[in-house]
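Enquirer: Residue numbers (our numbering): 686 to 1277.
A virtual CB, placed ideally from N, CA and C, is assigned to each residue, including glycine.
What you are looking at is a predicted structure, and each value in this text was computed from that prediction instead of being measured.
Sharing a structure below in structure tokens format, with a few things to ask.
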Amino acid sequence: MISRMSAMFVRTLRDDPADAEVPSHKLLVRGGYVRRIAPGIFSWLPLGYTVYRNVEKIVRDEMDKAGFQEVHFPALLPREAYEETGRWTEYGDNLFRLKDRRENDYLLGPTHEEMFTLMVKGEYSSYRDLPLVIYQIQTKYRDEARPRAGILRGREFVMKDSYSFDVTDEGLELSYKRHRDAYISTFDRLGLSYVIVSAMAGAMGGSLSEEFLAPSEVGEDTYVRCSCGHAANVEAVVIPAAKWDDSMDLPAELPASHVEDTPNTPTIDSLVAISNERADLRRDDRSWESSDTLKNLLLVLTDAEGNEQPLAIGIPGDREVDMRRLEAAIYPLTARPFEEADFKKFPSLAKGYIGPGVLGKESVSGIEFRTDPRIVSGTRWITGANQHGKHVFDLVYGRDFTSDSVIDVAEVRDGDICSECGGELRMSRGIEIGHIFQLGRKYAEALGLRVLDEHGELVTVTMGSYGIGVSRAVAAIAEQHHDERGLVWPREVAPADIYLVAAGKSEEIITTAEDLAEQWDAVGLRVILDDRVGVSPGVKFNDSELLGIPTIVVVGKGLERGVIEVKDRGTGVREDIELVDAVARVRHICTT
RNA sequence: CGGGGCGUAGCGUAGUGGCUAGCGCGCCUGCUUUGGGAGCAGGAGACCGGGAGUUCGAAUCUCCCCGCCCCGACCA
């Protein structure tokens, strides 16, 4: 089919929209691909919808190729299904809720685990029916507190989600592997570069989980990567315990701990500064660093029933607790910092000068005390002395104090140690384009999905859950494929193969362009013909680059010499091609 | 939910109490123009986010509300 710019429902904008920040948002709006309707809610215009459908088709192709079967659930769902797993309440404000005319509760599905599980439960009851993988491509709704970055994080978005159902753990592993492979093919075809990182199963429960992240500065996820190939979302980064090495003193050789007056040291920095200034505190081998201090944070953990328990976390003073890593580590509990009222319950805590002496299950406070993996036997610390204005120096772990257990929730930094090889981790940002989980039996258990095995025994099915953000992928591709002039679509997702500019108003130029468009169309190439009259060539050139069609053909001045101009949008390389060779040459370019 | 910024035509914006709210892009008509966002002339298009108040007079000042963007919190 030939699309004509003269008739196409598209309007390109010269200026960036004021409300757009990230490149994909700016360019998709400027190019007339999408328009915002409400916060986090967008309409797809013809060009954008074509790209969207191309992406969707690739996703569907690869799912089908893997042998998975497509189904389609409603987006509008009754409350009941989400009641059984507790998510009607658990999902909180992020759930779009509504009522029908009889005041019955409904919701717009944010995800469909329950529906899939219940559907399989309704149909199947024998191990002979398994394994099974079904998927859907569905519009999802989440009433995000803050939608952002245009298409990248909307309140309405399209996701491909699939679910595997197996009897055995080995079966689940195989289903997981098949998805992993299918995702690799999918993202390769979409022209996305990506890294597969280990992730936290988090709120989804389950064990093994990996994310596909498309590296991008505007990505919301932070991950680390090591030259050994190891990669992980920061939430899932494991910091190895500090290793003993010869440069470390034996505990016996370390000075005995001593309590010192340290007035006016409200911050770690001021404490370190004074420790280095005062001759009685200075250490002889090197100066004190903030990483020599041990800071003890107090939190209140809350479980689903609302029960609270205190927790103290000790981490090196140069680090902060990463709240996302903390949430992941203590899931399903949630955490909040100690408030005044909490401190009042523990008179042994001297706020601002809390040290290990009063922490731990066996201590006077009885508060569970967990420490960073860097805090190991033989390490010496400056920390609170549990009296206002006093700190204790040379407090040695293993000799002077211990903790109840390790907790790995300190912020991760560039250069931190890789748990796999001991190398240095590098941090980057990425857009989450896919996530695969081995859910295990949590949902099946909750919803009673059991089948009879070959011995006639009822066994709970084990499940996997796998998602690809289809609409997000469009934006992710735009993020990875653009330059200062506009979009640069990979061919398979591009809205057309050729953007054919008729640069001039002579009869010859127009008929030649029309003729070429028809010939390319006849051999299966998708052509956008810029046949707008009264539009200057400059406008057409600029639009051709903004829209990002991979091959740009210009029919114009060159005709006098019997040539047309063919330009590769990505590389910018242009060449003149004899008109007589044009059909075959361009076809070759577009199909290889 | 906390912090910051912003709401003026389809888009981008100017306008710190005073005449009929200005400009650019886009749009319509005519003429000219056609290889990098053309020129001239003429036009259409704005309840200046909403409400209340102060004032002889409010886009402009005050209060309340609504909405949007960014950062944080939150987030399959």
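(1) Give every residue of the same chain whose Cβ lies closer than 7 Å to the Cβ of Phe-1054, excluding the five residues on either side of it in the sequence, and list them in chain order.
(2) What's the gap between the Cα of Leu-712 and the Cα of Leu-1172?
(3) Could you tell me which whole alpha helix (DSSP H) segments of length 4 or greater appear in the segment 940-973?
(4) Do Leu-837 and Arg-1114 have their beta-carbon atoms positioned less than 7 Å apart in this structure?
(5) By Cβ distance below 6 Å, which residues in the same chain neighbour Ala-1035 in space, the five residues on each side in sequence not counted?
(6) Suppose the cutoff is 6 Å on Cβ atoms and the five residues either side in sequence are ignored; what does the same chain contact list for Arg-689 look like?
(7) What does Val-1333 pair with, by DSSP beta-bridge criteria?
(8) Please state the DSSP three-state secondary structure of Asp-1261.
(9) Which of helix, strand or coil does DSSP assign to Pro-1222?
(10) Tell whether a beta-carbon distance below 7 Å holds between Tyr-868 and Phe-897.
(11) Please report how far the alpha carbon of Met-844 lies from the alpha carbon of Gly-1154, in whole angstroms.
(12) Return helix, strand or coil for Gly-835, following the three-state DSSP convention.
(13) From what residue to what residue does the beta strand (DSSP E) around Phe-781 run?
(14) Give the list of continuous beta strand (DSSP E) stretches no shorter than 3 residues that lie fully inside the segment 1180-1252.
(15) Could you give the DSSP three-state label for Gly-1042: helix, strand or coil?
(16) Can you tell me which of the three DSSP states Pro-795 falls into?
(17) Less than 7 Å between the beta carbons of Val-985 and Arg-1021, yes or no?
(18) On a CA-only basis, which of Gly-876, Phe-850 and Leu-877 is nearest His-864? Give me that one, please.
(19) Residues bridged to Phe-1054 by DSSP?
(20) Per DSSP, what kind of secondary structure is Ser-709 in: helix, strand or coil?
(21) For Phe-850, which beta-bridge partners are listed by DSSP?
(22) Quick one: grab the DSSP three-state call for Leu-983.
(23) In the DSSP assignment, what are the bridge partners of Ile-822?
(24) Is Thr-774 helix, strand or coil by DSSP?
(25) Mind checking who Ser-1156 pairs with in its DSSP beta bridge?
(26) Inspect the CB distances between the segment 782-796 and the segment 805-813 and report whether three or more fall short of 8 Å.
(27) Hey, out of Ser-847, Tyr-848, Asp-846 and Arg-827, whose CA is closest to Gly-839's CA?
(28) Report yes or no: do three or more beta-carbon pairs, one from the segment 966-981 and one from the segment 1063-1070, lie closer than 8 Å?
(29) Between the alpha carbons of Lys-825 and Val-1097, how many angstroms are there, rounded?
(30) Give the DSSP-derived three-state secondary structure of Ala-1014 in the structure shown.
(31) Considering Lys-1029, what are the terminal residues of the alpha helix (DSSP H) in which it resides?
(32) With which residues is Pro-763 paired in a DSSP beta bridge?
(33) Do you know how far the Cα of Asp-1099 is from the Cα of Gly-1107?
(34) With Leu-783 and Tyr-791 assumed to form a contact (beta carbons below 8 Å), what rounded beta-carbon distance in angstroms separates them?
(35) Kindly indicate which three-state DSSP category Gly-1326 falls into: helix, strand or coil?
(36) Specify whether the segment 1135-1147 and the segment 1178-1187 touch according to this definition: at least 3 beta carbon pairs, one from each stretch, less than 8 Å apart.
Expert: The answer reads as follows:
(1) As a first step, residue 1054 must be located in the first sequence, where it is residue number 369. Answer for Phe-1054: Ala-997, Gly-999, Pro-1041, Leu-1044, Gly-1045, Ser-1088 and Asp-1089, listed in chain order.
(2) Numbered from its first residue, the first sequence carries residue 712 at position 27. Numbered from its first residue, the first sequence carries residue 1172 at position 487. Distance between the alpha carbons of Leu-712 and Leu-1172 is about 7 Å.
(3) Every unbroken stretch of the alpha helix (DSSP H) spanning 4 or more residues and falling wholly within the segment 940-973 is given here in chain order: 953-962.
(4) By 1-based counting over the first sequence, the position of residue 1114 is 429. By 1-based counting over the first sequence, the position of residue 837 is 152. No, Cβ-Cβ distance for Arg-1114 and Leu-837 is not below 7 Å.
(5) Numbered from its first residue, the first sequence carries residue 1035 at position 350. If we look at Ala-1035 and ignore the five residues flanking it on each side, its Cβ neighbours are Asn-1071, Gln-1072 and His-1073.
(6) Sequence index remark: in the first sequence, residue 689 carries index 4 (1-based). The answer, listed in chain order, is Leu-1214 and Asp-1216.
(7) A question about residue 1333 goes unanswered here, because the residues of the chain that appear run from 686 up to 1277.
(8) Taking the first residue of the first sequence as position 1, residue 1261 is located at position 576. In the structure shown, Asp-1261 sits in a strand (DSSP, three-state: E or B).
(9) Taking the first residue of the first sequence as 1, we reach residue 1222 at position 537. Helix.
(10) The residue given as residue 868 occupies position 183 in the first sequence. The residue given as residue 897 occupies position 212 in the first sequence. Their beta carbons are under 7 Å apart, which means Tyr-868 touches Phe-897 by this criterion.
(11) Taking the first sequence and counting its residues from 1, the one referred to as residue 844 is at position 159. Taking the first sequence and counting its residues from 1, the one referred to as residue 1154 is at position 469. Rounded to the nearest angstrom, the two C-alpha atoms are 5 Å apart.
(12) Counting from one through the first sequence, the residue named residue 835 turns up at place 150. In the structure shown, Gly-835 sits in a helix (DSSP, three-state: H, G or I).
(13) Residue numbering aside, residue 781 sits at position 96 when the first sequence is read from its first letter. It spans 781-784 - the beta strand (DSSP E) in which Phe-781 sits, taken as one unbroken run.
(14) Annotation note: the segment 1180-1252 contains the following uninterrupted beta strand (DSSP E) runs of length 3 or greater, listed N- to C-terminal: 1183-1187, 1212-1215 and 1236-1240.
(15) For the purposes of this step, residue 1042 is identified with residue 357 of the first sequence, where counting begins at 1. Per DSSP, reduced to three states, the secondary structure at Gly-1042 is helical.
(16) Reading the first sequence from its first residue, position 110 is the one you call residue 795. Coil, per DSSP.
(17) Walking along the first sequence from the start, residue 985 turns up at place 300. Walking along the first sequence from the start, residue 1021 turns up at place 336. Taking 7 Å as the Cβ cut-off, Val-985 and Arg-1021 qualify as a contacting pair.
(18) One-based indexing of the first sequence puts residue 864 at position 179. Closest by alpha carbon: Phe-850.
(19) Position 369 of the first sequence, counting from 1, holds the residue named residue 1054. Phe-1054 pairs with Ala-997.
(20) Taking the first residue of the first sequence as position 1, residue 709 is located at position 24. In this structure, Ser-709 counts as helix in the three-state DSSP scheme.
(21) Along the first sequence, one-based indexing puts residue 850 at 165. Answer by DSSP bridge pairing, in chain order: Leu-817 and Met-1148.
(22) Looking up residue 983 in the first sequence gives position 298. DSSP places Leu-983 in strand when its eight states are reduced to three.
(23) By one-based count along the first sequence, residue 822 stands at place 137. Beta-bridge pairing links Ile-822 to Lys-845.
(24) Here residue 774 is taken as the residue at index 89 of the first sequence, counted from 1. Thr-774: helix per DSSP, three-state reduction.
(25) By one-based count along the first sequence, residue 1156 stands at place 471. According to DSSP, Ser-1156 bridges with nothing at all.
(26) Counting Cβ pairs under 8 Å, fewer than three are found: no touch.
(27) In the first sequence, residue 839 corresponds to position 154, counting from 1. Closest option to Gly-839, Cα to Cα, is Arg-827.
(28) Yes, the segment 966-981 is in contact with the segment 1063-1070.
(29) Numbered from its first residue, the first sequence carries residue 825 at position 140. Numbered from its first residue, the first sequence carries residue 1097 at position 412. Answer to the nearest angstrom: the Cα atoms are 32 Å apart.
(30) Residue mapping note: residue 1014 aligns to position 329 of the first sequence, counting from 1. Looking at Ala-1014 - three-state DSSP - the assignment turns out to be helix.
(31) Sequence index remark: in the first sequence, residue 1029 carries index 344 (1-based). Start and end: 1025-1029.
(32) In the first sequence, counting from the first residue as 1, residue 763 sits at position 78. When beta bridges are read from the DSSP output, Pro-763 appears opposite Tyr-791.
(33) By one-based count along the first sequence, residue 1107 stands at place 422. By one-based count along the first sequence, residue 1099 stands at place 414. Cα-Cα distance, rounded: 14 Å.
(34) Mapped onto the first sequence, residue 783 falls at position 98. Mapped onto the first sequence, residue 791 falls at position 106. Sure, about 5 Å apart at Cβ, within 8 Å.
(35) As shown, the chain starts at 686 and ends at 1277. That puts residue 1326 outside it, with no answer to give.
(36) Cβ pair count under 8 Å is below three, so no.
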